[in-house]
Amino acid sequence: PSAMREVMVQMPNIGWDDIGGLDEARDRLREGVELPLKHPGSFKRLGIRPAKGFLLYGPPGTGKTLLAKAAARESQANFIATKSSDLLSKWYGESEQQIARLFARARQVAPTVIFIDELDSLVPARGGGLGEPQVTERVVNTILAEMDGLEELQNVVVIGATNRPNLIDPALLRPGRFDELIYVGPPDTAGRRRILAIHTEGMPLAKDVDLQLMARNTERFTGADLEDLVRRAGLTALRRGLDEAQVTMSDFQTALEETRASVTEEMLDDY
Ligand code: ATP
461 PSAMREVMVQ MPNIGWDDIG GLDEARDRLR EGVELPLKHP GSFKRLGIRP
511 AKGFLLYGPP GTGKTLLAKA AARESQANFI ATKSSDLLSK WYGESEQQIA
561 RLFARARQVA PTVIFIDELD SLVPARGGGL GEPQVTERVV NTILAEMDGL
611 EELQNVVVIG ATNRPNLIDP ALLRPGRFDE LIYVGPPDTA GRRRILAIHT
661 EGMPLAKDVD LQLMARNTER FTGADLEDLV RRAGLTALRR GLDEAQVTMS
711 DFQTALEETR ASVTEEMLDD Y
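Count along the sequence shown starting at 1, add 460, and that's the number in UniProt numbering.
Encoded structure:
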């Protein structure tokens, strides 16, 4: 049973406006990915070497995948998403082939953003990763060789993501590899307000709904937590009756009682 997977090229429909908070991460991806992919000539003229690899790190559900998709979309680049568990095959040589296919396809449809999620699982099993030591080492080396082989201005950038940055193989972080580290944390109050606005866009809200107050009462909620909160508020309204026309503040309050921040203080200490 081969684990070889088709390399799927996407054109994401997520833009910077669909992401709340994370202004600093967005600005760094704009400058690091969007600018060089859209204006390679300007970089060449000035002799600037754009970065090839970015590492987004932070707790789950904070918007790392969204950021990578928006970076591709706003650069008018193609997007190829994979995760390291897809690249780990116990069949000899298969991981290398899969990675080679991934990068070949990316070059073929360039400009391209390659997104590799779960980059931390590329450590040997005894280190908390998924694979056999020899397999993960070969996978890491193959990815590094492919990245080293990406010529500057070749219009392919790689964005990796992890929830556990301290497990990342240091070889991946050397210059010319994933050398731009970008923290993606839980949003602040203004970010939460914006995320609530984004996720209630298609929802008829009663006049008493105060998203600012909800934002203040949802400390440490991630974007994914807030999306869940909005969904639950909608379901609470629906429970009142199937032709309920609006979601009220009390629906949000009920939803808030059912929900908790997925990120704890202690988790944040790790970043
Ligand atoms: P993981 O580490 O688990 O892969 P992630 O950081 O990649 O998580 P996403 O997959 O980008 O998180 O986010 C999950 C969902 O949560 C998104 O599809 C989106 O609906 C919502 N979300 C997360 N962060 C934001 C944000 N900053 N703005 C708007 N929506 C968000």
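Idealized CB from N, CA, C, for every residue including glycine. Note that the structure is a prediction, hence the values are computed from the model and not measured.
- Excluding the 5 residues flanking it on each side, residue 649 has same chain C-beta neighbours closer than 7 Å at 675 and 676, in chain order.
- Around the beta carbon of residue 667, fewer than 16 other beta carbons lie within 10 angstroms, which makes this residue exposed.
- Between residue 522 and residue 576, the C-beta spacing is not below 7 Å.
- In this structure, residue 500 has its beta carbon at no less than 6 Å from each heavy atom of the ligand ATP.
- If the five residues before and after residue 664 are omitted, its C-beta is found closer than 8 Å to the C-beta atoms of 705, 706 and 707, all from its own chain and listed in chain order.
- A contact is defined here as three or more CB-CB pairs under 8 Å, and the region 602–620 meets this definition with respect to the region 505–525.
- The continuous stretches of alpha helix (DSSP H) do not include residue 667, and DSSP gives it neither H nor E.
- Secondary structure within the region 465–551: the alpha helix (DSSP H) runs of 4 or more consecutive residues, fully enclosed, are 483–489, 495–498, 500–506, 524–534 and 544–547 (chain order).
- Rounded to whole angstroms, the separation of the alpha carbons of residue 656 and residue 481 is 11 Å.
- Between residue 485 and residue 658, the C-beta spacing is not below 7 Å.
- In this structure, DSSP gives residue 621 an extended state, which the three-state scheme calls strand.
- Annotated as proximal: residue 629 and residue 583, with beta-carbon spacing under 7 Å.
- With contact defined as three or more Cβ pairs closer than 8 Å, the region 493–504 and the region 529–548 are in contact.
- DSSP, reduced to helix, strand and coil, places residue 572 within a strand of the structure shown.
- Separation of residue 684 and residue 651 (C-alpha to C-alpha, rounded to the nearest whole angstrom) is 13 Å.
- Taking a C-beta distance under 7 Å as the contact criterion, residue 566 and residue 599 do not qualify as a contact pair.
- Residue 640 has 514 as its beta-bridge partners, per DSSP.
- When the Cα atoms are used, residue 470 and residue 540 turn out to be separated by approximately 6 Å.
- Checking the DSSP bridge columns, you'll see residue 707 partnered with 665.
- By the beta-carbon neighbour count (other beta carbons within 10 angstroms, threshold 16), residue 699 is exposed.
- Annotation for residue 669: 709 place their beta carbon closer than 6 Å to its own, counting only its chain and skipping 5 residues before and after.
- Residue 579 sits close to residue 620, with the two beta carbons spaced by under 7 Å.
- Looking at the backbone, the Cα of residue 689 and that of residue 712 are separated by about 7 Å.
- Closest option to residue 723, judged by alpha-carbon separation, among 701, 516, 593 and 644: 644.
- For the set 552, 638 and 548, the Cα lying nearest the Cα of residue 517 is the one of 638.
- In the DSSP annotation of this structure, the continuous segment of the alpha helix (DSSP H) that includes residue 685 starts and ends at 683–700.
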